[in-house]
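Residue numbers (the numbering used here): 9 to 215.
Only one structure is covered here, and it is reproduced in the block below.
Okay, here's the thing in structure tokens:
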């Protein structure tokens, strides 16, 4: 096995492991002039506040797109701990609406207005502080990114354990949307939907 073949094998093995937690399909083979070439899907992340290919970012990241969230029935922040390695979720106080995100053993010693969380939660790149009331429902999201490790020089200050990024869907260029309803036992019912309303080329809404 030459050096090029060994590199392709290692890349395939790494991507196969990532596909389990990321929720993306493995690479496919393309025929280019009689020679089989490996085609890798490009996963775009915003771990450094700009769009980049996942392989170019020097940090461990778990990414889940909107389709994967729906397929795995990940509807709340607390559900993420089941699907993200080295991550756990707990709550402060008697209620469940004060989530505490724990990554690699890093968590805040207390939940107060004067203490920054070890793993802050960002929605559309805006920090949700304090953490009270942030156990949000995960719907109509473009992706969820879990950044592991200190983020002081990458995404946000005082993030000693990592960061949780919630990226909403952006408005489309044409009118459209979706609607979804769920019914179940024990009086379970749920409805969600979204609609794109483009007012002009420069002004678009998503409701």
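Using N, Cα and C, we set each Cβ at its ideal position, and we do this for glycine too.
All values reported here derive from a predicted model rather than from experimental measurement.
DSSP state of residue i mapped onto helix, strand, coil
{"i": "residue 186", "result": "strand"}
{"i": "residue 15", "result": "Reliability of the predicted coordinates at residue 15 is poor, the pLDDT of 47 falling under 50, and the value obtained from them is presented with this limitation in mind. Residue 15: helix per DSSP, three-state reduction."}
{"i": "residue 169", "result": "coil"}
{"i": "residue 35", "result": "Its pLDDT being 49, under 50, residue 35 is placed unreliably by the model, and the measurement read from it follows with that caveat. Correct three-state label for residue 35: coil."}
{"i": "residue 25", "result": "Note that residue 25 has pLDDT 40, beneath the 50 cutoff, so the model's placement of it is unreliable and no number is given."}
{"i": "residue 192", "result": "strand"}
{"i": "residue 30", "result": "For residue 30, the predicted model reports a pLDDT of 47, less than 50, meaning its position is unreliable and no value from the coordinates is stated."}
Residues bridged to residue i [DSSP beta-bridge criterion]
{"i": "residue 163", "result": "Partner(s): none; residue 163 has no beta bridge."}
{"i": "residue 114", "result": "111"}
{"i": "residue 134", "result": "131"}
{"i": "residue 218", "result": "The structure shown does not extend to residue 218, since the chain is modelled only from 9 to 215, so the question has no answer here."}
{"i": "residue 145", "result": "84"}
Inter-residue CB distance, residue i and residue j (contact presumed, cutoff 8 Å)
{"i": "residue 92", "j": "residue 154", "result": "5 Å"}
{"i": "residue 145", "j": "residue 84", "result": "6 Å"}
{"i": "residue 191", "j": "residue 74", "result": "With a Cβ gap of about 22 Å, residue 191 and residue 74 do not count as contacting."}
{"i": "residue 156", "j": "residue 210", "result": "Not quite, the Cβ-Cβ distance comes to about 37 Å (not below 8 Å), so this is no contact."}
{"i": "residue 168", "j": "residue 126", "result": "5 Å"}
{"i": "residue 132", "j": "residue 176", "result": "6 Å"}
{"i": "residue 97", "j": "residue 108", "result": "7 Å"}
{"i": "residue 151", "j": "residue 124", "result": "Contact doesn't hold; Cβ gap of about 24 Å is too wide."}
Residue range of the beta strand (DSSP E) that includes residue i
{"i": "residue 238", "result": "There is simply no residue 238 to check, as the chain begins at 9 and stops at 215 in what is shown."}
{"i": "residue 51", "result": "No beta strand (DSSP E) contains residue 51, which DSSP labels as neither H nor E."}
Practice task
Would you mind listing the alpha helix (DSSP H) stretches within the region 54 to 111 that are 4+ residues and don't spill past its ends, in chain order?
Solution key: 74 to 79
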